[in-house]
Structure formats: structure tokens, C-alpha cells
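Residue numbers (my numbering): 23 to 169. Glycine is no exception: its CB is placed at the ideal position from the N, C-alpha and C atoms. So the structure is just underneath, and the comments pick up after that.
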């Protein structure tokens, strides 16, 4: 699954609280997608659940929830949905360049490297993300960078 429309300061705990409020207590993994060079959060995560019933429940109930004042955008994990969230994050970053102070400059090449975006035609959702692996009593973060 993909969950978007998140603020840059959204944490795994914030999302887990929203997910738990739907009655789903078991989450297998959560990946936060980031800009490769800056590490800035792109505003969406992928989520792996243990059962299809949980997926259907989240698709129905989670879009009615808010995290940090934003309604969650919840979708199946498909290449088209992944690209949709990537485009939304790019648009948001380009709009944020209007808020730069004098002397600062927005460089889209820093945020988006077209050679790495395409990845030779291979779709790799793990590229430039970090994974939170949820364990029974604790969770930890594993940073992933392909290349």
C-alpha cells in the first residue's frame, strides 16, 4: 500500500497511531521515501500488511483519518500510484522554491536525478528509502540505498 499527503515531520509512530485507530494492530513494514541527495521526506510511505483483509480495511477507513491536519491519501501499491506520489512531491518541492530567501536557489537536479529516477527502466521502490521493520516489542530503522 501507499499512504500519501503526509507532512515532512510525520513519523512512524504518527502513522501507526492512525493505523491502530482503525483496529489494525499488525504492520509488517513501512518505507519512508526520500530525495536521494538531500534525504528530505517525499511525503509518502509504502506499507506492508500481513493480510488482504487488513489492506481492504485500510483502503476503506484510513482515508477518513487525519495526521497533522492532513487527510491521508491511501492507495494500492502500483507503479502508477508510486509515480503519482513522486510527481506530487516534486510539484510540492518546486512550489516551495517560492519560499526561498534571497540568495538561495532551487536546483531540481539536486532533488531529482533523471538518470536515477528511471533506473534503466527497472522499477525499484526501495531506492532511496528507509524501512522501518516492525517487531513484536520494538522497531528499528534500516536505511536502504541502491547503487
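In this structure, does DSSP put residue 77 in helix, strand or coil?
helix
Could you spell out where the beta strand (DSSP E) holding residue 25 opens and where it closes?
24 to 26
Every unbroken alpha helix (DSSP H) within the region 30 to 111, with a cutoff of 4 residues, ordered by chain
Listed in chain order, the complete alpha helix (DSSP H) runs (minimum 4 residues) inside the region 30 to 111 are 34 to 42, 74 to 83.
Buried versus exposed, by CB contacts within 10 Å (16 or more), residue 99:
exposed
Check whether the region 51 to 60 touches the region 83 to 96, counting contact only when three or more Cβ pairs, one atom from each stretch, lie closer than 8 angstroms.
No: fewer than three Cβ pairs fall under 8 angstroms.
To the nearest angstrom, how far is it from the Cα of residue 46 to the Cα of residue 117?
35 angstroms
Let me confirm a value: residue 66 is counted as buried when at least 16 other C-beta atoms fall within 10 Å, else exposed. Which label applies?
buried
Give the single residue among 30, 75, 91 whose Cα lies nearest to the Cα of residue 40.
91
Cα separation between residue 87 and residue 105?
23 angstroms
Contacts around residue 63, its chain only, beta-carbon distance under 7 angstroms, and the 5 residues preceding and following it disregarded
Cβ within range, chain order: 30, 54, 56.
Is residue 89 closer than 9 angstroms to residue 24 when the C-beta atoms are compared?
no
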